[in-house]
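Residue numbers (my numbering): 371 to 563. The C-beta atom is built at its ideal place from N, Cα and C for all residues, glycine as well. Below you'll find the structure, written out as structure tokens, and then a few comments.
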Amino acid sequence: MIRNHFLTSDGLFLDNLGNIEENKANEQFFYDKKTLKILADIAEKFEYTCLLCAPTLGDELIRRGRKVRILDIDMRFAPLRGFRYFDIKKPLSFGEKYDLIVCDPPFTGVRIKQLFNAITKLSCNNPSQNILISWERQYLKKKFMKIFSYFNLRLTGFCLTYRQGFIPFPDELMKKYGEEVIVELYSNFPALN
Ligand SMILES: C[S@@+](CC[C@H](N)C(=O)[O-])C[C@H]1O[C@@H](n2cnc3c(N)ncnc32)[C@H](O)[C@@H]1O
Numbered sequence: 371m372i373r374n375h376f377l378t379s380d381g382l383f384l385d386n387l388g389n390i391e392e393n394k395a396n397e398q399f400f401y402d403k404k405t406l407k408i409l410a411d412i413a414e415k416f417e418y419t420c421l422l423c424a425p426t427l428g429d430e431l432i433r434r435g436r437k438v439r440i441l442d443i444d445m446r447f448a449p450l451r452g453f454r455y456f457d458i459k460k461p462l463s464f465g466e467k468y469d470l471i472v473c474d475p476p477f478t479g480v481r482i483k484q485l486f487n488a489i490t491k492l493s494c495n496n497p498s499q500n501i502l503i504s505w506e507r508q509y510l511k512k513k514f515m516k517i518f519s520y521f522n523l524r525l526t527g528f529c530l531t532y533r534q535g536f537i538p539f540p541d542e543l544m545k546k547y548g549e550e551v552i553v554e555l556y557s558n559f560p561a562l563n
């Protein structure tokens, strides 16, 4: 439950994020402080960033005074400045140009092609769009790399970490991929240099 006075458009969510429970039905896992800082340090260099499925990073960038578009299916983040309801499965274009798109997607609940279509639409069909996207080390990795080759993504060498620490695979995938989800960061620009 979020208390009303925490519902502010000025990026005051984070201190109180303990009050927002991760919604596992939406494969929702919040970044831990270390990952949040690393991603925010990269994104704050850009003028206008679109956060697709990364609402807590949107909150942090608002705190840092950056212009953001925050897109997520979870309406609990609607009070954040720049938030729009967005379903990857029914993507809309807002006719905006972003300097960077950051995406931390649900891996199993959305098809890779649907994710690709949504990001392509948000990029206005621009293969040179700067992108930071995370994907699981094993899960349909070849397919992910093939479909997203349009954006010329490369591994950055950075693995994201989350508040909960150990993130499990859904039961039906555990046998095939092991227990632990390891999330790697991809980009198509020198993000960590
Ligand atoms: C792995 S979590 C990433 C959260 C991020 N690490 C953060 O700290 O803000 C996936 C996110 O995708 C969102 N999501 C799940 N299904 C979605 C869909 N169909 N369309 C848009 N967003 C979706 C969830 O609400 C969640 O915020």
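Please determine whether the Cβ atom of residue i lies at a distance below 8 Å from any heavy atom of ligand 2.
i      : result
Glu397 : With respect to ligand 2, the structure offers nothing, as its ligand set consists of ligand 1.
Can you list, in chain order, the residues of its chain with a C-beta nearer than 8 Å to that of residue i? Leave out the 5 residues immediately preceding and following it.
i      : result
Glu506 : Phe477, Tyr547, Val551, Ile552, Val553, Glu554
Lys415 : none
Thr490 : Tyr520
What first and last residue would you give for the beta strand (DSSP E) that runs through residue i?
i      : result
Tyr547 : Unbroken run through Tyr547 is the alpha helix (DSSP H), 541–547; no beta strand (DSSP E).
Ile503 : 501–506
Gly527 : 524–530
Ile440 : 437–442
Arg454 : 453–455
Tyr556 : 553–557
Thr419 : 418–422
Leu450 : Unbroken run through Leu450: none, as it is neither H nor E.
Leu470 : 470–473
Out of the options, which one is the CA nearest neighbour of residue i?
i      : options                        : result
Lys460 : Val438, Val472, Phe486, Tyr556 : Phe486
Phe518 : Leu530, Gly527, Ser504         : Ser504
Ile408 : Ile501, Asn500, Thr531         : Thr531
Ser557 : Phe464, Asn522, Leu421         : Asn522
Glu466 : Ala488, Leu492, Lys483         : Leu492
Glu542 : Arg524, Tyr509, Leu525, Ala488 : Tyr509
Ser498 : Leu470, Asp474, Ile482, Pro475 : Leu470
Leu422 : Ile458, Leu525, Leu406         : Ile458
Leu406 : Asp474, Ala448, Lys483         : Asp474
Phe464 : Lys512, Lys404, Ala488, Glu392 : Ala488
Tyr468 : Met544, Lys545, Gly452         : Gly452
Lys512 : Lys483, Ala424, Ala410         : Lys483
What span of residues does the alpha helix (DSSP H) with residue i cover, start to end?
i      : result
Thr426 : 425–433
Ile412 : 403–413
Thr490 : 482–492
Phe514 : 511–517
Do residue i and residue j have their C-beta atoms within less than 9 Å of each other?
i      : j      : result
Ile501 : Val480 : no
Phe514 : Leu562 : no
Ile443 : Asn396 : yes
Leu462 : Phe456 : yes
Phe419 : Arg439 : Rather than Phe, the amino acid found at residue 419 in this sequence is Thr. Contact: yes.
Identify, in the order they occur along the chain, each residue of the same chain with its Cβ nearer than 7 Å to the Cβ of residue i, setting aside the five sequence neighbours on each side.
i      : result
Glu549 : Pro538, Phe539
Lys404 : Thr531
Asn393 : Asp444
Thr526 : Leu555, Tyr556, Ser557, Ala561, Leu562
Could you check whether the Cβ of residue i sits closer than 9 Å to any Cβ belonging to chain B?
i      : result
Lys516 : Absent from the structure: chain B. Only one protein chain is present.
Which residues in the same chain as residue i place their Cβ atom closer than 6 Å to its Cβ, once the five residues preceding and following it in sequence are excluded?
i      : result
Arg454 : Leu441
Phe559 : Asn500
Arg436 : Glu414
Arg533 : Phe400, Asp402
Gln398 : Glu392
Q: Inspect the CB distances between the stretch 395–414 and the stretch 422–435 and report whether three or more fall short of 8 Å.
A: yes
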